Amino acid sequence: MNDKRPVNLDLTQFSFPLPALTSIVHRATGLILFVGTAILLYILELSLSSEEDFNSVKECLDGFFVKFIIWGILSGLLYHLVAGFKHLLMDFGIGETLEGGVLGAKVTIVISAVLILLAGVWLW
Amino acid sequence: MVTNVTSFGRSGLYDWLIQRVTAVVLAAYSIFLIGFLILNPDLNYAQWSEFFNSTCTRIFSLLALLSLGAHAWIGLWTISTDYLKAMGLRFIFQAACGLVMFIYVVWGVQILWGL
Chain X
1 MNDKRPVNLD LTQFSFPLPA LTSIVHRATG LILFVGTAIL LYILELSLSS
51 EEDFNSVKEC LDGFFVKFII WGILSGLLYH LVAGFKHLLM DFGIGETLEG
101 GVLGAKVTIV ISAVLILLAG VWLW
Chain E
1001 MVTNVTSFGR SGLYDWLIQR VTAVVLAAYS IFLIGFLILN PDLNYAQWSE
1051 FFNSTCTRIF SLLALLSLGA HAWIGLWTIS TDYLKAMGLR FIFQAACGLV
1101 MFIYVVWGVQ ILWGL
C-alpha cells in the first residue's frame, strides 16, 4: 500500500465542479424518492380502498401543503430520471470528455428545470 | 476484483448491470403512470380502480416495485459505503434500508392484490 495516498479529504473545503454537484443531487434525490415512496404507496392504498376514500384523497391533493409535497416528490423523480438518462448515455460512451461532462451537467439541469416547472403547471 | 459481502449482486459488475436494467424499468413505469394521469385529468374512482384491476397494470406495478427494491438497495449501499465510515452505523443504515424495501414490496403486493 502506498502511504502517500490522500485520505480523509475534507469535502467541505472543496470547490465542486458542476458535474460533481449534479451527481450529488442525483444521489440526494434518490434518497428522497426512497422515503417518498412510502407517501406514494400510502396515497395509492387509500385511493384504491373505496370511492369515498378516493374522493377524500382527491380533496386532500387540492390543498396547498399536500400538493407541494407531491410536487417535491415529482421534482425529485424528474431530476433523477433526467440525470439517470444522462448516466445511460455516458455508459454508451457519449459525453465522457471533460467538456462533455460539463455540458451534460448543464443540459441535465436545464431539462429537469423545464420538466419540474411543467409539472408545477400541471398540478396547479 | 473488489468484492463486498453486502453488495446486491455480490460483484460490482452485477450491481452495475442490475442498477441500469431496473432504472429502465422504473423510467418506463414512471412514464406509464404519469402518462395515464395526464391523459385522464378528470379521473374518477371507477376508472382508477379499473386501471389497477387490470392484470397488465398489476404485473407492471409489481415489476416496478421489485425493481425499486433492487435499485434502491444498490443506490443506498453505494451512498452508505461512501459516507458512513463507522462499520456499526453503516450496518444499521443498510439493515434499516433492507427492512424498508421489504416492507414496500409486501405492502405493494397487498395494495395490488388486496382489492
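First to last, the sequence lines map onto chains X and E. No gaps in the numbering here: position 115 of the first sequence is 115 in this note's numbering, and each next residue is one more. No gaps in the numbering here: position 40 of the second sequence is 1040 in this note's numbering, and each next residue is one more. Ideal placement from N, C-alpha and C gives every residue a C-beta, glycine not left out. What you are looking at is a predicted structure, and each value in this text was computed from that prediction instead of being measured.
Is the distance from the Cβ of residue i to the Cβ of residue j below 8 angstroms?
i        : j        : result
L41(X)   : W1107(E) : yes
V1025(E) : L1063(E) : yes
F1036(E) : L48(X)   : no
G157(X)  : G1075(E) : This structure gives no information on residue 157(X), because the portion of chain X shown stretches from 1 to 124.
R27(X)   : I1092(E) : no
L1065(E) : V1021(E) : no
Taking only the alpha-carbon atoms, compute the straight-line gap between residue i and residue j and give it to the nearest angstrom.
i        : j        : result
R1058(E) : L33(X)   : 21 angstroms
A83(X)   : L74(X)   : 14 angstroms
M1001(E) : L1013(E) : With a pLDDT of 47 at M1001(E), under the threshold of 50, the modelled position of that residue is not reliable, and the figure given next carries that caveat. Near 10 angstroms, if we compare the C-alpha coordinates of L1013(E) and M1001(E).
L98(X)   : D10(X)   : 24 angstroms
S1067(E) : F1060(E) : 10 angstroms
A38(X)   : I1031(E) : 19 angstroms
I1103(E) : A105(X)  : 35 angstroms
F64(X)   : G120(X)  : 12 angstroms
H87(X)   : I94(X)   : 9 angstroms
D53(X)   : I1034(E) : 21 angstroms
Just confirm the distance between the C-beta atoms of residue i and residue j, as a whole number of angstroms; I'd bet it's less than 8 angstroms.
i       : j       : result
G101(X) : P19(X)  : 5 angstroms
I70(X)  : L123(X) : 7 angstroms
Under a Cβ-count criterion, where at least 16 other Cβ atoms within 10 Å of its own Cβ denotes burial, should residue i be classed as buried or exposed?
i        : result
A1023(E) : buried
Q1019(E) : buried
W1055(E) : A quick correction: the sequence has Thr, not Trp, at residue 1055(E). When all chains shown are included, T1055(E) counts as exposed.
V57(X)   : buried
M1087(E) : exposed
T108(X)  : buried
T12(X)   : exposed
L1089(E) : exposed
Please name the residue, chosen from the options, that lies closest to residue i on a Cα-to-Cα basis.
i        : options                                : result
F1008(E) : A1096(E), L1099(E), W1077(E)           : W1077(E)
G1098(E) : W1113(E), E1050(E), D1015(E), A1070(E) : A1070(E)
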